[in-house]
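Each residue of the sequence shown is one higher than the last, beginning at 38 in the working numbering.
Note that CB positions come from ideal geometry on N, CA and C, so glycine has one too.
Take a look at the structure below.
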Amino acid sequence: MAASAVRGGLGHAAGWKMLGKRMEGMVSAVWVRCLFTRSRIPDWVFQPRPGDHEKYGGDPEKPHKIHVITRIKSVIGRPYWEKKIIHDLGLEKAHKPVLHKNIPSVNSKLKIVKHLIRIQPLKLPYGLPTEEEMADTFLTSQGELVIKRRLKPVEQKEITS
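Here is the structure:
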């Protein structure tokens with residue numbers, strides 16, 4: 038419609054006037070769509086800061102092997118890619134800890150949603166559990182894997198009088 042107005046000799050201004058409010062609606066939709074693209078997130082957001090290791094108690098020379106990840110904020114109103122990453126990590130329920138390996142593919146996802154989650158290292162105060170103890174373990178909110186040992190019944194000896 039606007040192109041025919043330009044070809045007909047009316048000029049660009051007349052073409053824009055013919056479209057009126059419809060064109061304004063299209064321009065605003067394009068503007069809003071470009072607000073929520075990944076390219077608008079600056080790169081410095083994903084770079085580690087020098088004081089992060091001291092703040093969180095991590096050691097860059099000897100990193101932990103397993104993350105305990107807990108979602109602490111809602112994904113309502115968040116962009117679609119953050120919702121997808123939260124779903125992929127298995128964090129649909131808030132305040133439910135999930136274990137993930139400390140590998141670059143997981144860490145890149147965690148950097149994108151770091152404002153929605155809490156990341157802690159898995160602590161093993163009683164060491165690695167054996168196969169028999171696996172059923173008696175539980176994860177605390179501080180990221181500790183605790184082994185709750187159950188007492189075994191003692192064999193009673195006969196009393197002879």
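A residue is called buried when at least 16 other Cβ atoms come within 10 angstroms of its Cβ; Arg186 does not meet this threshold and is exposed.
Boundaries cannot be given for His132, as no alpha helix (DSSP H) includes it and DSSP labels it neither H nor E. Of all alpha-carbon atoms in Lys138, Asp96, Val82 and Trp81, the one lying nearest the alpha-carbon of Ile106 is that of Lys138. Residue pairing for Val183: DSSP places it in a beta bridge opposite Phe175. The Cβ-Cβ distance between Ile184 and Leu136 does not fall below 8 angstroms. Distances from the alpha-carbon of His132 to those of Arg115, Ile154, Asn144 and Asp125 put Ile154 closest. Per DSSP, the beta bridge partners of Pro158 are His104.
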